[in-house]
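Participant:
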Amino acid sequence: MSNKEAAIPTGKLVLELDRNVQTLQDVFTDCADVIFRQLTLVNGTKACLIYIGGLVETKELSDNALRPFIEASTALGDESSPAKLLSESLLSVPSSTTFTRLADIVSELTEGSAVLLMDQCAEAVIVRVKGGSRRSVEQSTTEVSIRGPKEAFTEDIQKNTALLRFKMKTPQLKMVSALVGEQTKTTVYVAYLKDVADEQIVQKVLERIRAIQIDGVLESGYIEEFIEDHPFSPFPQLQYTERPDTAAAMLLEGRVIVLVDGTPFVLSGPITFWQLMHSSEDYYERYFIGNLLRWLRYSFLFVALYLPALYIAVTTFHQDMLPTSLVFSIAAAREAIPFPALIEALIMEISFEALREAGIRLPKVIGQAVSILGALVIGQSAVEAGIVSAPVVIVVSLTGIASFTIPRFNLAITVRMLRFPLMLLASMFGVYGVVMGTVWTVIHLCGLTSLGVPYLTGVAPFRKGDQKDILIRAPWWAMSRRPSFSSRNRNRMKNGRLSQGGDSKDGGKSP
């Protein structure tokens, strides 16, 4: 038996108050924040109030539990079950119950509840007055948008579920809870829309979460690694967001949401590759604007992935692919450079990644100055020192800017990682190496799944109805059907846009 298992009692409360208190004091030895407040009631009965400082709302505990408890002590009399009478009739706190098992009482204390023990009573009154200091609802910092709601999830799971309920005012929104982590006892909710989400996917997520055996869960990233289909793939198979409106949109499409207590980032799945390239502004702006932004992102995705590799391949093997004047210009710039194109690109790429990481880790004001000035100073100094050529600085700068246009960080960092093997292949085989790398990547993507759903759904396998929200975003009145891969009830609206004569433009017949 482990130390943890030995420390938590497995028995029940006894009639003697002193023995019960001593047992709990032994469990919480060297826990200065656990408060044991001895009380003597009006009728002379001894009692003890136990709670963890900072985890309970002390004013609510005093007004709705402690004061009514003392005032009602004379009403207890010779009641055979005074704890149950307190819980059900006398206490004004909204949520209270009774327990007899010591393990349950310890669990409730660590969750932020207060415990009332009385002499000659083998039941404990559990008063759920969870409080403490948690961050209030603020604006999203990682998913900034020009148009749309500004509120973001917080570290408090109850606030997060409330934010979802504000968006989804329907009893069809189901939330199944689970506790994960032997030490942390982290609350996890699996949310979905009944009759919209696929029940098999919901059960798959629940089974994988309940099968997790780990000592603690501090962030949703822990859960992500346990429930994804392909843990050795660099591509993300679940999407995370801190925006309630984005989470609500995923629920409406039939996806499953995983909320974890202690983090503002919720997970959603199944996802496709195309979904990671979509932004909330695609749907809040008119579809002309949304399509323009989406095409821009897809264009710069290819720039971020291929530009350094193509520069290396062309300058090393395929100079005849460039105009003569441009070849002479690049050759003149590289005349005094002692390194091949691959080493030049690697020096600048690694330096750029280091500056980007430094800009994130440093304080906000200093980090921005370091990332901007560092890139300018290092790039200019490297060119003047003859370490790298000016064209490489331009290529790396464009690549860095292009990677920032990818709306999801987990996909953006995957693209940044894939650049380096493509650069190595380009340095060895030229454009043929880039093509080989592309083929291997596409084969890998075709074999990926997200909670059992093919990663490239809509294109491979091809789904005609899904084409309205992949490379383009059709008008809302034309998207009368939900995505085909994750939902059972695919009807998003009863009909499409109504014409003046009352007929639907779409007719509700989209595949």
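Residues in the sequence shown are numbered from -11 upward in steps of one, following my numbering. C-beta atoms are modelled at their ideal positions from N, C-alpha and C, and glycine is treated no differently. All figures in this text were calculated on a predicted structure; none of them were measured in a lab.
#1: Locate the beta strand (DSSP E) running through Ala179, then write down its first and last residues.
#2: Which runs of the alpha helix (DSSP H) at least 4 residues long sit entirely within the segment 404 to 450? Give them in chain order.
#3: Using only the alpha-carbon positions, how far apart do Tyr286 and Arg461 sit?
#4: Quick check on this structure: which residue in Ile245, Phe223, Pro222, Pro449 has the alpha carbon closest to the alpha carbon of Asp233?
#5: Classify Lys456: buried if its beta carbon has 16 or more other beta carbons within 10 angstroms, exposed otherwise.
#6: Rounded to whole angstroms, what is the Cα-Cα separation between Lys173 and Val205?
#7: Rounded to whole angstroms, what's the CA-CA distance from Pro(-3) to Gln171? Just pull it up for me.
#8: Does the structure place the segment 112 to 130 close enough to the segment 140 to 147 that three or more beta carbon pairs sit under 8 Å?
#9: Ends of the alpha helix (DSSP H) at Gln13?
#10: What do you reckon, are the CB atoms on Arg469 and Arg451 nearer than 8 Å?
#11: Quick check on this structure: which residue in Tyr272, Phe214, Thr251, Gly418 has the alpha carbon closest to the alpha carbon of His306?
#12: Per DSSP, which one or two residues make a beta bridge with Ser124?
#13: In whole angstroms, what is the alpha-carbon distance linking Ala150 and Thr158?
#14: Taking C-alpha atoms, which residue in Asp308, Phe223, Leu343, Ile348 lies nearest to Cys400?
#15: Alpha carbons only, please: which of Ala292, Ser208, Leu247 is nearest the one belonging to Thr402?
#16: Grab me the residues of Thr542's own chain with a C-beta within less than 7 Å of its C-beta, minus the 5 sequence neighbours each way, in chain order.
#17: Using three-state DSSP, classify Arg478 as helix, strand or coil.
#18: Can you give the Cα-Cα distance for Leu90 and Arg198, rounded to whole angstroms?
#19: On a Cα-Cα basis, can you pick out the residue from Ala297, Leu289, Leu240 that is closest to Leu264?
#20: Leaving out the 5 sequence neighbours to the left and right, which residues in its chain are closer than 6 Å to Arg478 when beta-carbon positions are compared?
#21: Can you find the residues in the same chain that come closer than 6 Å, C-beta to C-beta, to Phe16, ignoring five residues on each side of it along the sequence?
#22: In or out: Ser267 buried (at least 16 other Cβ within 10 Å) or exposed?
#23: Give the list of continuous alpha helix (DSSP H) stretches no shorter than 4 residues that lie fully inside the segment 202 to 279.
#24: How far does the beta strand (DSSP E) with Lys162 in it extend, from its first residue to its last?
#25: Secondary structure at Lys0, three-state DSSP: helix, strand or coil?
#26: Buried or exposed, going by whether 16 or more other CB atoms sit within 10 Å of the CB of Gly42?
#27: So, is Met405 buried or exposed, given that buried needs 16 or more other C-beta atoms within 10 angstroms?
#28: Grab the span of the beta strand (DSSP E) containing Lys138 for me, first residue to last.
#29: Rounded to the nearest angstrom, what separates Val371 and Ser133 at their Cα positions?
#30: Rounded to the nearest angstrom, what separates Val427 and Lys147 at their Cα positions?
#31: Reducing DSSP to helix, strand and coil, say where Met309 ends up.
Facilitator: This is what the structure holds:
#1: The residue given as residue 179 occupies position 191 in the sequence shown. First-last of the beta strand (DSSP E) with Ala179: 174 to 181.
#2: 419 to 435
#3: Against the sequence shown, residue 286 aligns to sequence position 298. Against the sequence shown, residue 461 aligns to sequence position 473. Straight across, the Cα-Cα distance linking Tyr286 with Arg461 is about 13 Å.
#4: Position 245 of the sequence shown, counted from the first residue, corresponds to residue 233. Distances from the CA of Asp233 to each of Ile245, Phe223, Pro222, Pro449 were compared; the closest alpha carbon is that of Ile245.
#5: As a working mapping, residue 456 is identified with position 468 in the sequence shown. Counting Cβ neighbours within 10 Å, Lys456 comes out buried, since at least 16 surround it.
#6: Position 185 of the sequence shown, counted from the first residue, corresponds to residue 173. Position 217 of the sequence shown, counted from the first residue, corresponds to residue 205. Cα to Cα, the separation comes out at about 8 Å.
#7: Counting from 1 along the sequence shown, the entry for residue -3 is found at position 9. Counting from 1 along the sequence shown, the entry for residue 171 is found at position 183. For Pro(-3) and Gln171, the distance between alpha carbons rounds to 15 Å.
#8: yes
#9: As a position in the sequence shown, residue 13 is number 25, starting the count at 1. Note, Gln13: alpha helix (DSSP H), 5 to 15.
#10: Taking the sequence shown and counting its residues from 1, one reaches residue 469 at position 481. Taking the sequence shown and counting its residues from 1, one reaches residue 451 at position 463. It is not a contact, given that the beta carbons lie outside the stated cut-off.
#11: As a position in the sequence shown, residue 306 is number 318, starting the count at 1. For His306, the nearest C-alpha among the options comes from Gly418.
#12: Counting from 1 along the sequence shown, the entry for residue 124 is found at position 136. Under DSSP, Ser124 forms no beta bridge with any residue.
#13: For the purposes of this step, residue 150 is identified with residue 162 of the sequence shown, where counting begins at 1. For the purposes of this step, residue 158 is identified with residue 170 of the sequence shown, where counting begins at 1. Taking the straight line joining both Cα atoms gives about 13 Å.
#14: Taking the first residue of the sequence shown as position 1, residue 400 is located at position 412. Looking at the sequence shown, residue 400 is not Cys but Ala. Selected option, being the one with the closest Cα: Phe223.
#15: Translated into positions along the sequence shown, residue 402 becomes position 414. Here the closest residue by C-alpha is Ala292.
#16: Shown here, the chain extends from -11 to 499; a query on residue 542 therefore has no answer.
#17: Indexing the sequence shown from 1 puts residue 478 at position 490. Looking at Arg478 - three-state DSSP - the assignment turns out to be coil, as it is neither helix nor strand.
#18: For the purposes of this step, residue 90 is taken as the residue at position 102 of the sequence shown. For the purposes of this step, residue 198 is taken as the residue at position 210 of the sequence shown. The straight-line gap from Cα to Cα measures roughly 24 Å.
#19: As a first step, residue 264 must be located in the sequence shown, where it is residue number 276. Comparing Cα-Cα distances from Leu264 to each of Ala297, Leu289, Leu240, the minimum goes to Leu289.
#20: Position 490 of the sequence shown, counted from the start, is the residue given in the question as residue 478. So the qualifying residues of the chain are Arg469, Arg470.
#21: By one-based count along the sequence shown, residue 16 stands at place 28. So the list reads Val22, once near-sequence residues are dropped.
#22: Residue mapping note: residue 267 aligns to position 279 of the sequence shown, counting from 1. That one is buried.
#23: 208 to 215, 232 to 240, 269 to 272
#24: Mapped onto the sequence shown, residue 162 falls at position 174. From DSSP, the beta strand (DSSP E) with Lys162 extends over 161 to 168.
#25: Here residue 0 refers to the residue found at position 12 of the sequence shown. DSSP places Lys0 in strand when its eight states are reduced to three.
#26: Reading the sequence shown from its first residue, position 54 is the one you call residue 42. Exposed, by the Cβ-count rule.
#27: Here residue 405 is taken as the residue at index 417 of the sequence shown, counted from 1. Label assigned to Met405: exposed.
#28: As a working mapping, residue 138 is identified with position 150 in the sequence shown. Lys138 -> no beta strand (DSSP E), and no H or E assigned at all.
#29: Position 383 of the sequence shown, counted from the start, is the residue given in the question as residue 371. Position 145 of the sequence shown, counted from the start, is the residue given in the question as residue 133. Taking the straight line from one Cα to the other gives about 37 Å.
#30: For the purposes of this step, residue 427 is identified with residue 439 of the sequence shown, where counting begins at 1. For the purposes of this step, residue 147 is identified with residue 159 of the sequence shown, where counting begins at 1. Near 45 Å, if we compare the C-alpha coordinates of Lys147 and Val427.
#31: Within the sequence shown, residue 309 is the residue found at index 321, counting from 1. In this structure, Met309 counts as helix in the three-state DSSP scheme.
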